[in-house]
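Working notes for the structure below.
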Amino acid sequence: MAESRAGRIEPVSGHGPLYVLDGVAPRVHPSAFIAPNAAVIGDVEIGPESGIWFGCVVRGDTNRIRIGARSNIQDGTVIHVDGDFPTTIGDDVTVGHAAIVHGCTLKDRAFVGMGSVVLDGAVIEEEGVLGAYGLLTTNKVIGRRELWTGSPAKLRRAMDAAERAAFDENAVIYRGLAARYRAGLGA
Numbered sequence: 035m036a037e038s039r040a041g042r043i044e045p046v047s048g049h050g051p052l053y054v055l056d057g058v059a060p061r062v063h064p065s066a067f068i069a070p071n072a073a074v075i076g077d078v079e080i081g082p083e084s085g086i087w088f089g090c091v092v093r094g095d096t097n098r099i100r101i102g103a104r105s106n107i108q109d110g111t112v113i114h115v116d117g118d119f120p121t122t123i124g125d126d127v128t129v130g131h132a133a134i135v136h137g138c139t140l141k142d143r144a145f146v147g148m149g150s151v152v153l154d155g156a157v158i159e160e161e162g163v164l165g166a167y168g169l170l171t172t173n174k175v176i177g178r179r180e181l182w183t184g185s186p187a188k189l190r191r192a193m194d195a196a197e198r199a200a201f202d203e204n205a206v207i208y209r210g211l212a213a214r215y216r217a218g219l220g221a
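Here the numbering used here runs 34 ahead of the position in the sequence shown, where the first position is 1.
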């Protein structure tokens, strides 16, 4: 990666714009896909085979952001932090289109539906689901295999393993798409 005079790291290997902030550069695994018009800024780490899709902003400026392996952050999503709240996203997580993920924790195989908002200190446990357009307020916790919907989000039901497994297909599809886009965009 070559740093320009303005402090911007030029995109390489199919990665979109990566920006150094206060001397801290994002760390992106070589097998991850960052869309050309996404912005990844500051103290951000992105794991293997993860995808940051078109129009996303991942801004680790006042705290850190960690995104694990094989996770997909879909188009138009904003991931940010607060001074007291880092954002941690585990492995095989799906964050749907146009979500806001702010200073929270999404554990392995969590699912955030499109247009949803997850606020400071909130946690989605392993295999937990926040349905589309849900608002998970500060410090709320979605338990394992729980489905929450609404604004503010409330527990709707516990899911069995078979019902929950359907959500995992999304992560598999997006992992394949990320590989196709990396290859197709000249990575």
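We put the beta carbon where it would ideally sit given N, CA and C, even for glycine. Values in this document were obtained by computation on a predicted structure and should not be read as measured data.
- Distance from the CA atom of ASP56 to the CA atom of GLU197, rounded to whole angstroms, is 45 Å.
- Of the candidates THR111, LEU164, GLY168, ILE75, the residue whose Cα lies closest to the Cα of GLY89 is THR111.
- Counting along the chain, the unbroken beta strand (DSSP E) around LEU189 starts and ends at 188-192.
- Put simply, the stretch 159-176 does not touch the stretch 82-101. Fewer than three CB pairs are less than 8 Å apart.
- Shown here, GLU180 sits in a strand according to DSSP, grouped into three states.
- DSSP places VAL91 in no alpha helix (DSSP H) but in the uninterrupted beta strand (DSSP E) bounded by 91-101.
- Three or more Cβ pairs drawn from the stretch 142-150 and the stretch 125-133 lie within less than 8 Å of each other, which places the two stretches in contact.
- Around the beta carbon of ILE207, a 10 Å sphere encloses fewer than 16 other beta carbons of the protein chains shown; the residue is thus reported as exposed.
- In terms of Cβ geometry, GLY155 and PHE201 do not form a close pair [threshold 8 Å].
- In the displayed model, GLY218 falls within a helix according to three-state DSSP.
- Residue pairing of VAL163 in beta bridges, as defined by DSSP: PHE145, LEU181.
- Per DSSP, reduced to three states, the secondary structure at GLU79 is strand.
- Taking 8 Å as the cut-off, the Cβ atoms of ASN71 and ALA205 do not count as close.
- Within the DSSP bridge table, the entry for HIS136 names HIS114 as partners.
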